[in-house]
Amino acid sequence: MQPIVEMRGITKRFPGVVALDNINFDVLPGEVHALLGENGAGKSTLMKILSGAYEPTAGTVVIEGVEHDRLTTKQSSEAGISIIYQELSVIEQLSIMETIFVGNLATTKVAGIPVVDHKAMYKRTKELLEQVGLKRDPMTSVRDLSISEKQMVEIARAIAFSAKVIVMDEPTSSLTDEEVNQLFAIIAQLKAEGRSVVYISHKLKEITAMCDRVTVLKDGTAVGTRDVAGVTVDQLVTMMVGRELQGKYNEKHEGHVASTTPILEVKGMTRRDGYVKNAEFTLYEGEILGFSGLVGSGRSELMEVIYGAAPRRDGSVLLHGKPLSIKTPYDAVKAGICMLTEDRRYTGILANFSLRRNFAIGEQIKSSSGGGLIGLIDFARELAIAKEQGVAMQVKMRDIEQNITELSGGNQQKVLLGRQLATDAKVIIFDEPTKGIDVGTKAEFYAIMRRLANEGVGVIVVSSEMPELLAVCDRIIVFAEGKQRAEFPIEEATEENLVRAATHYGNEEENQ
Ligand SMILES: Nc1ncnc2c1ncn2[C@@H]1O[C@H](COP(=O)(O)OP(=O)(O)O)[C@@H](O)[C@H]1O
Ligand SMILES: [Mg+2]
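Position 178 of the sequence shown, counting from 1, maps to 189 under the working numbering, and the rest follow consecutively.
Right under this line is the structure:
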């Protein structure tokens with residue numbers, strides 16, 4: 012069968028990142044083709060190229076046999092491509108009818124003179140809404156619709172515009188189970204009409220439930236395309252995470268029994284920007300608690316809001332049973348909560364300062380009594396802390412007055428860890444602690460984490476490397492879409508059930 016869309020050798024570079032690297036992707040008439048991959052894999056970028064919104068750095072797009080080197084958005088929509096974006100593009104002030112016909116008028120040429128016939132538009136809108144099962148009057152303001160209803164309006168617009176290929180970019184991320192079923196029914200209907208659907212998702216059960224083929228993207232490359240009927244969930248997971256799953260981690264985990272005294276309790280945590288919704292967990296004294304999940308699941312975002320580095324809408328943090336009022340990282344450090352951030356270059360190191368200052372800054376914040384780091388820096392004390400931690404962490408350095416940026420990544424990370432340890436923290440959060448660090452230094456980090464836990468510190472580890480979590484944690488929480496979805500004591504945790512939990516979950520109360 013002749014594909015309706017063929018994307019050939021598509022490369023897209025943004026300054027500093029290759030978002031897509033020589034991708035081939037095609038869509039057959041009447042198929043539902045899933046585009047699967049972790050956050051940042053390049054799914055949205057590929058579809059923005061199909062819509063003409065982005066120009067590819069290299070490659071061509073062929074629609075119904077017509078080759079486009081420089082596809083414009085107008086050409087794309089006239090060729091029958093319609094995209095329902097992750098961030099819905101509807102204009103809140105308009106009515107449903109206006110929303111549907113704004114698209115049409117803007118893209119249809121009627122001999123140069125647009126003649127507006129309200130009666131006809133109203134009637135047509137009613138038909139379209141019936142077709143997508145939306146029980147609303149065409150004059151209803153879009154502002155009054157739920158997210159799923161807005162999606163229905165976008166689908167109705169695509170149909171009105173005789174779209175041949177409808178792209179849905181993570182359409183179910185804020186739908187209830189019932190709304191998801193309704194969406195699936197509409198997709199089946201679109202397919203029955205001979206239209207094609209490109210369905211972007213990272214939820215495997217949705218893909219196996221109603222897609223015909225699936226293409227997996229990882230870090231901007233296409234891992235492969237399969238018939239859904241001939242592929243298992245495990246194979247998809249393997250394609251997505253980029254290597255064979257190991258099942259149970261084969262190195263023996265030191266059987267550690269954490270105490271039953273909570274050290275940190277997080278309740279109803281919700282970020283103002285919505286990236287974390289009603290997250291809850293308890294960390295016990297002496298425990299290493301892991302957070303697993305796909306890239307973009309909201310784990311770092313949760314840690315940021317606990318640490319006061321992002322505004323919260325709701326929720327509370329209790330340390331040893333006492334509620335904390337953390338509004339800034341400064342408050343967190345004062346209270347005894349430290350965090351080693353994911354991107355040390357931007358949020359961890361004091362780039363143009365000496366190792367001495369970098370080691371000692373945490374302790375200085377902790378012991379200062381004013382509202383900030385006031386001018387009084389005790390140099391002798393700073394030096395003592397820096398020397399002690401420099402030795403304890405075995406940092407490879409020339410001189411304590413050396414600029415931190417001269418050190419290797421692993422050694423910079425050791426300095427940051429030394430900084431946390433100097434503060435006598437009660438809770439330490441490690442966010443992707445060993446990213447870009449060599450194996451030997453990794454092992455040193457794991458040993459330090461266990462030592463801290465044995466001393467009664469509560470340790471949190473966020474990591475995308477499952478073997479790392481399985482090797483160091485006592486318990487693992489799986490995060491997806493801003494919320495905990497499952498929890499495993501280490502004895503029951505395997506790579507397989509971590510990935511399953513991250514990709515198979517309901518949408519219960521996600522509706523806004
Ligand atoms: N407009 C942009 N400018 C710079 N980088 C971008 C832009 N859009 C996407 N990227 C980068 O391209 C990569 C792929 O992103 P995206 O296509 O949004 O992934 P996905 O939709 O699979 O989550 C990411 O590294 C992202 O940061
Ligand atoms: Mg996307």
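Beta carbons: idealized from backbone N, C-alpha and C, even for Gly.
Small disclaimer: the values here were computed from a predicted structure and weren't measured.
At a cut of 8 angstroms, does the region 63 to 82 reach the region 149 to 166 through at least three beta carbon pairs? no
Could you check how far apart the C-beta atoms of Met12 and Asp37 are, in whole angstroms? I think they sit under 8 angstroms. Taking the first residue of the sequence shown as 1, we reach residue 12 at position 1. Taking the first residue of the sequence shown as 1, we reach residue 37 at position 26. Met12 to Asp37, Cβ: 10 angstroms. No contact.
How about Glu42 and Asp223: are their beta carbons less than 9 angstroms apart? Position 31 of the sequence shown, counted from the first residue, corresponds to residue 42. Position 212 of the sequence shown, counted from the first residue, corresponds to residue 223. Against a cut-off of 9 angstroms, the Cβ pair of Asp223 and Glu42 comes out as a contact.
Okay, do the region 477 to 493 and the region 232 to 239 touch, 3+ Cβ pairs below 8 angstroms being the bar? no
Closest to Ile337 by CA distance: which of Ile317, Asp284, Asn465, Met132 is it? The count along the sequence shown starts at 1 and reaches residue 337 at position 326. Of the listed residues, the one whose Cα sits closest to Ile337 is Ile317.
Segment limits, alpha helix (DSSP H) that includes Asn508: Along the sequence shown, one-based indexing puts residue 508 at 497. Per DSSP, Asn508 belongs to the alpha helix (DSSP H) from 506 to 514.
Host alpha helix (DSSP H) of Arg154 (start-end): Locating residue 154 in the sequence shown gives position 143, counting from the first residue. Taken as a continuous stretch (DSSP letters only), Arg154 belongs to no alpha helix (DSSP H), as it is neither H nor E.
For Ile21 versus Gly301, is the C-beta spacing smaller than 9 angstroms? Counting from one through the sequence shown, the residue named residue 21 turns up at place 10. Counting from one through the sequence shown, the residue named residue 301 turns up at place 290. It is not a contact, given that the beta carbons lie outside the stated cut-off.
Give me, in chain order, the residues of the same chain whose beta-carbon lies closer than 7 angstroms to that of Thr339; leave out the 5 immediate sequence neighbours on both sides. Within the sequence shown, numbered from 1, the residue matching residue 339 stands at position 328. Counting only Cβ-Cβ distances below 7 angstroms, and skipping sequence neighbours, we find Gly319.
Is Glu498 helix, strand or coil by DSSP? In the sequence shown, the residue the question calls residue 498 occupies position 487. Strand, per DSSP.
Could you pull the start and end residues of the beta strand (DSSP E) that Ile439 belongs to? In the sequence shown, the residue the question calls residue 439 occupies position 428. That run of the beta strand (DSSP E) goes 438 to 442.
Please classify His44 as buried or exposed, where buried requires at least 16 other C-beta atoms within 10 Å of its C-beta. Locating residue 44 in the sequence shown gives position 33, counting from the first residue. Looking at its Cβ environment, which holds 16 or more other Cβ atoms inside 10 Å, His44 is buried.
Three-state class that DSSP yields for Met108 in the structure shown: Here the question's residue 108 lines up with position 97 in the sequence shown. Met108 falls in the helix class under three-state DSSP.
Simplified DSSP assignment, three categories, for Glu492: Stepping through the sequence shown from its first residue, residue 492 is reached at position 481. The answer is coil: DSSP assigns Glu492 none of H, G, I, E or B.
Ala233 beta carbon near ligand 1 (any heavy atom closer than 8 angstroms): Taking the sequence shown and counting its residues from 1, one reaches residue 233 at position 222. For ligand 1, not one heavy atom lies less than 8 angstroms from the Cβ of Ala233.
Do the region 395 to 412 and the region 420 to 434 touch if we need at least three Cβ pairs shorter than 8 angstroms? yes
Proximal residues to Gly421 (C-beta, below 7 angstroms), its chain only, five neighbours per side dropped: Indexing the sequence shown from 1 puts residue 421 at position 410. Cβ within range, chain order: Ile448, Asp449, Thr452.
Using a threshold of 9 angstroms, state whether the C-beta atoms of Val176 and Val16 are closer than that. Reading the sequence shown from its first residue, position 165 is the one you call residue 176. Reading the sequence shown from its first residue, position 5 is the one you call residue 16. For Val176 and Val16, yes; Cβs fall inside 9 angstroms.
Kindly give me the distance between the Cβ atoms of Val483 and Ile348, rounded to whole angstroms, as I take these residues to be in contact under 8 angstroms. Taking the first residue of the sequence shown as position 1, residue 483 is located at position 472. Taking the first residue of the sequence shown as position 1, residue 348 is located at position 337. In fact, because the Cβ distance is near 19 angstroms, the residues do not count as touching under 8 angstroms.
Can you tell me whether DSSP reads Gly383 as helix, strand or coil? To locate residue 383, count along the sequence shown from 1; it is residue 372. Note that Gly383 has pLDDT 47, beneath the 50 cutoff, so the model's placement of it is unreliable and no number is given.
Arg496 versus Asp389: straight-line alpha-carbon distance, rounded: Stepping through the sequence shown from its first residue, residue 496 is reached at position 485. Stepping through the sequence shown from its first residue, residue 389 is reached at position 378. Each residue's alpha carbon lies about 46 angstroms from the other.
Among all the DSSP beta bridges, which residues are the ones paired with Asp325? For the purposes of this step, residue 325 is taken as the residue at position 314 of the sequence shown. Beta-bridge pairing links Asp325 to Thr281.
Hey, how far is the Cα of Ser474 from the Cα of Glu49? Here residue 474 corresponds to residue number 463 of the sequence shown, with the count starting at 1. Here residue 49 corresponds to residue number 38 of the sequence shown, with the count starting at 1. The straight-line gap from Cα to Cα measures roughly 14 angstroms.
Counting only beta-carbon atoms, is Thr110 nearer than 9 angstroms to chain D? Within the model displayed, chain D is absent; a lone protein chain is all it includes.
I need the DSSP call for Ser173, collapsed to helix, strand or coil. Here residue 173 is taken as the residue at index 162 of the sequence shown, counted from 1. Coil at Ser173, not helix or strand.
Option in Thr416, Glu417, Ser365, Lys377 with minimal Cα separation from Lys398: For this step, residue 398 is matched to residue 387 along the sequence shown. The shortest C-alpha separation from Lys398 is found at Ser365.
Straight-line CA distance for Glu374 to Gln431? Position 363 of the sequence shown holds residue 374. Position 420 of the sequence shown holds residue 431. The alpha-carbon atoms of Glu374 and Gln431 are separated by roughly 8 angstroms.
Considering Cα atoms alone, identify which of Leu228, Leu215, Asp230, Val252 is closest to Arg239. The count along the sequence shown starts at 1 and reaches residue 239 at position 228. In the sequence as presented, Arg is not what sits at residue 239; that position holds Val. Minimum Cα distance to Val239 is reached at Leu215.
For Val178, which option in Ser207, Ala171, Ala196 has the closest C-alpha, if you only look at C-alpha atoms? The residue given as residue 178 occupies position 167 in the sequence shown. Answer by Cα proximity: Ser207.
Excluding sequence positions up to five away, which residues of its chain have a Cβ less than 8 angstroms from the Cβ of Pro322? Mapped onto the sequence shown, residue 322 falls at position 311. Arg282, Arg283, Asp284, Val316.
Euclidean distance between Cα positions of Leu201 and Arg135: Within the sequence shown, numbered from 1, the residue matching residue 201 stands at position 190. Within the sequence shown, numbered from 1, the residue matching residue 135 stands at position 124. Taking the straight line joining both Cα atoms gives about 18 angstroms.
According to DSSP, is Gln33 helix, strand or coil? Here residue 33 is taken as the residue at index 22 of the sequence shown, counted from 1. Note that residue 33 is Asn in the sequence shown, not Gln. Strand, per DSSP.
Quick check: is any heavy atom of ligand 2 less than 8 angstroms from the C-beta of Asp230? Position 219 of the sequence shown, counted from the start, is the residue given in the question as residue 230. Result no, Cβ not under 8 angstroms from ligand 2.
Taking the alpha carbon of Val470 as the point to measure from, which residue in Arg147, Pro478, Phe456 has its own alpha carbon closest? For the purposes of this step, residue 470 is identified with residue 459 of the sequence shown, where counting begins at 1. Answer by Cα proximity: Phe456.
Just checking Asp32 against ligand 1 - is the residue's beta carbon closer than 8 angstroms to any of the ligand's heavy atoms? Within the sequence shown, numbered from 1, the residue matching residue 32 stands at position 21. No, ligand 1 has no heavy atom inside 8 angstroms of this Cβ.
Whose C-alpha, out of Arg168, Ile92, Thr352, Val306, is nearest the C-alpha of Gln524? Given a span of 12 to 523 for the chain in the structure shown, any question on residue 524 remains unanswerable.
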